Amino acid sequence: MEPVVLASTALMAGSFVTWRYLNGSKKITQKIQPTEPYMYERKAKLELEDEFCEQYKSLYYKLHNLEHNSDALPEARKLLLSFFSDVLQSERLGGEDPASILAITEYTEKALEDFVHAQLESVTTEYREYLARRKNGSPRELFQDATDARKWLAHKAPHKLVDGAWLGHVHRVTSPFEYRRVTKAAWQVLSEELGDGDLSRCHAYVFERLLEKVGRPVPEPTTLEFIEQTTVTDAGIWRSALAQMLISLFPEDFLPEILGFNLHFEMLTLETLQASKELREVKLDPYYFTLHITIDNADTGHTAMASQIVADYLRLVTERHGPAATQQAWKRIQVGFLVSQNIHSSYNDKLTERLINIFMAKAIASNRIHDHCTMKLGGESLSKWLDPTLFHRLDWQAKFLTCLKNAKPWVHKGNSGKSRLVRQLVWGGSMFGAFTDREVVVVKDWIDTLVPIGPEAYQNFTGNDGTVDSPKPTYSKGAELYAEFSRSVDDVLDTSIPLEPLALEPANINVDKLLPLWFAQANLLEYMVSVPWNVASDVGCAIVRILRAQYGFLPEPLGVDGLDEMKRDDSTDLIDIGNEILSRHDPGCALPSRIEDVLQRWPSPFAETMLMAAKRPQDLGWVLIGMAQAFVELHSIIASSPVLLSGVKREALESITTREQQSMKTCMDAISSGSREDVDFRRGYQLAKKQILSCVA
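In this text, residue positions in the sequence shown follow numbering that gives the first Met the number 0: the first is 0, and each later residue adds one.
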């Protein structure tokens with residue numbers, strides 16, 4: 000590429016056109032006019048050749064099947080940190096914005112309340128303006144007709160079929176106990192996303208049924224077929240879906256970011272309101288979207304809950320760690336909020352739009368003056384690339400950028416300092432002065448973000464290095480224990496005989512042996528609901544109901560509990576029960592702050608093994624359910640003991656057990672006698688029963 004060619008292009012460009020794009024409205028995306036392609040088509044064309052898309056699709060599949068792809072975790076963490084930095088830089092690109100969450104430089108509950116209210120006001124104002132446009136004869140803005148609406152819905156599939164995933168890993172027994180009230184409230188949002196154990200209300204299932212009804216069915220999102228058969232080429236859709244799955248993967252390290260993501264994701268959006276109206280107009284079922292309008296309401300619904308969860312969490316941080324820690328946690332919440340808000344359009348996407356606008360302005364001003372140039376870029380002359388009539392086309396712009404970003408040595412992806420194009424634009428280069436300083440910055444930033452950006456922007460903003468924020472389990476034997484567990488499962492041979500109910504006298508229980516098993520058994524079913532699609536079955540919904548009982552939620556409502564559940568102060572879960580067993584056994588003992596405290600004081604290889612086995616619900620699902628059944632029977636026995644528990648806790652455990660038994664029956668009714676599921680269930684039951692009986696003094 001000859002420097003003089005670019006120089007002449009730049010020098011002939013009208014400065015006003017470029018200034019308007021660089022200094023005008025922060026929103027660069029133009030309003031969609033009736034004659035233009037719809038937005039999802041525009042982005043798909045611009046990102047058709049985005050090399051990140053294949054990476055995103057591959058990771059999407061791996062995260063749906065994480066137990067078989069655990070080697071993807073380092074990649075997942077690195078990409079998540081990249082997303083954190085990306086959304087921060089994207090938010091800052093347009094300068095200071097008083098409506099941005101970043102404008103709250105010092106957290107107060109009042110500032111949070113006012114911000115949430117302002118966000119709602121902004122959306123409702125936009126919707127009123129939309130309704131006014133429609134009333135004045137403007138066409139639909141999401142799609143044109145029923146055929147186009149079906150395409151639009153199918154385009155959303157990767158994103159909508161992971162509805163709830165951003166909370167899929169919160170409220171584990173392996174998370175710090177001090178935040179269990181907060182994480183329980185977050186898990187309640189997940190429970191409602193999963194239908195509270197009612198398949199017909201599970202959001203991912205509702206959307207899958209909608210695709211079936213409109214004639215655009217897709218394979219299950221957990222399968223390779225879903226990735227291989229998809230027609231979705233918009234990297235932003237895959238990035239949005241991945242963000243939901245990534246952010247919850249490391250709850251011990253990124254809880255503030257999860258809560259911030261939840262705060263934004265549960266807010267009402269203009270698109271949801273528009274979709275509900277426009278689908279109804281083209282005679283397609285709008286229920287998935289109307290459901291999100293009602294359940295996400297700002298009074299008692301998910302918006303109100305998400306805001307309250309953030310306030311409760313930061314209050315706890317202040318009490319335990321002081322005001323400085325609160326402000327740092329708030330910055331991390333802001334980052335999580337921005338991930339949900341900005342992730343569909345990356346920082347590079349926004350820079351790409353600005354770069355295209357710069358080249359468009361230059362091309363118009365220098366039309367036809369490059370006809371003599373013999374230099375080729377991607378097989379085309381520069382004169383042809385910058386022909387204004389061609390450059391106006393989205394596909395032409397995408398091809399031009401693809402050729403430009405692959406034109407070494409002019410562009411070295413991720414390294415603007417090494418790129419000859421940049422060196423020619425600055426002092427000492429043959430094109431110095433052809434581009435303004437701000438235009439050069441756009442070129443440099445665009446080159447630097449052609450690879451995933453590093454975590455530095457996130458680290459500098461939050462003061463968190465993004466590595467390990469909490470101690471990790473130090474299990475004594477690790478893989479050896481799991482191998483021994485697998486052999487133990489296989490060694491249970493008498494799976495054809497009737498299962499005898501667990502029987503033992505509470506007075507004979509050795510509490511020191513019981514305690515590690517008690518705390519660890521609370522983890523047995525928790526990983527089964529981490530991926531929303533895995534809940535989209537009768538058994539999956541039964542698991543949700545069992546966990547709701549074990550977490551101390553009220554029985555499943557006909558509607559939703561919303562904020563009312565969060566206001567309860569009489570909730571008791573299995574960890575509370577374990578703490579009381581410990582307190583009555585050893586009144587002077589400090590209560591554990593996390594599961595590691597339990598295992599350090601009362602070492603138990605089998606308890607450690609249960610924690611590892613729980614991470615493999617695909618391979619060991621029915622074994623884990625069988626083990627859980629044995630512990631349900633133990634719950635009934637413990638609930639009868641006035642020695643181990645007070646009357647209040649006995650009553651609470653009896654209620655938990657009754658609900659567990661009801662939903663466990665649903666699981667067992669789904670098993671065919673003699674099937675692999677039946678054998679695995681029996682193996683798990685007998686294995687856990689043997690360990691429970693070993694606790695007899």
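Glycine included, every Cβ here is placed at the ideal spot set by N, Cα and C.
Nothing here was measured: the structure is a model prediction, and the numbers come from that model.
For the 8 Å Cβ check, are there 3 or more pairs between the region 88-105 and the region 182-196?
no
Just checking my contact of Thr317 with His291 at CB under 8 Å: how many whole Å lie between their CB atoms?
Contact between Thr317 and His291 does not hold, since the beta-carbon distance rounds to 32 Å and is not under 8 Å.
DSSP three-state call for Lys375: helix, strand or coil?
In the displayed model, Lys375 falls within a strand according to three-state DSSP.
Spatially closest choice to Thr520 from Ala433, Gly683, Thr123 and His63, by CA coordinates
Looking at the sequence shown, residue 520 is not Thr but Gln. Of Ala433, Gly683, Thr123 and His63, the residue nearest in Cα terms is Gly683.
Coarse secondary structure for Ser380, derived from DSSP in three states:
strand
Within this structure, are the beta carbons of Trp186 and Tyr526 separated by less than 8 Å?
no
Going by Cα to Cα distance, which pick from Asp464, Leu449 and Asp447 is closest to Glu455?
Asp464
Are there 16 or more other CB atoms within 10 angstroms of the CB of Ser415, so buried, or fewer, so exposed?
buried
Going by DSSP in three states, Ile670 sits in which element: helix, strand or coil?
coil
Span of the alpha helix (DSSP H) around Val217:
Where Val217 is concerned, there is no enclosing alpha helix (DSSP H), given that its DSSP letter is neither H nor E.
Tell me, which residues are paired with Ile508 by DSSP?
Val695
Quick check on the burial criterion: 16 or more other C-beta atoms within 10 angstroms. Buried or exposed for Ala164?
buried
From this set, Ala612, Gln660, Val647 and Ser654, which residue's C-alpha is nearest Glu632's C-alpha?
Gln660
Terminal residues of the alpha helix (DSSP H) in which Ser415 lies
Careful: Ser415 lies outside any alpha helix (DSSP H) and carries neither H nor E.
Is the Cβ-Cβ distance between Arg200 and Ala153 less than 8 Å?
no
For Ile103, the nearest candidate out of Leu315, Glu251, Lys56 and Phe336 (CA to CA)
Phe336
Counting only the same chain and skipping the five closest in sequence on each side, list residues whose C-beta sits under 6 Å from that of Thr388.
none
Any contact between the region 244-255 and the region 66-79? By contact I mean 3 or more CB pairs, one from each, below 8 Å.
Contact holds between the region 244-255 and the region 66-79, because three or more Cβ pairs, one in each stretch, are under 8 Å apart.
Which value, in whole angstroms, describes the spacing of the CA atoms of Arg607 and Leu160?
Sequence inspection shows Glu at residue 607; the Arg mentioned does not correspond to that position. Taking the straight line from one Cα to the other gives about 33 Å.
Please go through the same chain and pick out, in chain order, the residues whose beta-carbon is closer than 6 Å to the beta-carbon of Leu62, but skip the five residues on each side of it.
Contacts found: Met244.
What's the gap between the Cα of Pro285 and the Cα of Ala145?
Looking at the two C-alpha atoms, the distance is approximately 12 Å.
Helix, strand or coil: how does DSSP classify Trp601 here?
coil
N- and C-terminal bounds of the alpha helix (DSSP H) containing Trp237:
Ala234 to Ile246
In whole angstroms, give me the CA-to-CA distance for Asp569 and Leu623.
29 Å
Separation of Leu503 from Lys688, as counted between CA atoms:
11 Å
Host alpha helix (DSSP H) of Arg331 (start-end)
Unbroken alpha helix (DSSP H) run through Arg331: Pro322 to Asn341.
Are Trp237 and Lys56 closer than 8 Å when you measure CB to CB?
yes
Three-state secondary structure (DSSP) of Gln423:
Gln423 falls in the helix class under three-state DSSP.
Segment limits, alpha helix (DSSP H) that includes Phe431:
Phe431 -> no alpha helix (DSSP H), and no H or E assigned at all.
On the criterion of 16 or more Cβ atoms from any shown chain inside 10 Å, does Arg593 qualify as buried, or is it exposed?
buried
Which residues bound the alpha helix (DSSP H) around Glu95?
Careful: Glu95 lies outside any alpha helix (DSSP H) and carries neither H nor E.
Can Glu697 and Ala323 be called in contact, C-beta distance under 8 Å?
Residue 697 lies beyond the stretch modelled for the chain, which goes from 0 to 696, so this question has no answer here.
Where Asn64 and Ser174 are concerned, what is the direct C-alpha to C-alpha distance, given to the nearest angstrom?
Using only the alpha carbons, I get a separation of about 22 Å.
At the level of alpha carbons, what is the spacing between Asp311 and Lys566?
CA-to-CA, the gap between Asp311 and Lys566 works out to about 11 Å.
On a CA-only basis, which of Ala629, Arg392, Leu516 and Cys666 is nearest Val597? Give me that one, please.
Comparing Cα-Cα distances from Val597 to each of Ala629, Arg392, Leu516 and Cys666, the minimum goes to Leu516.
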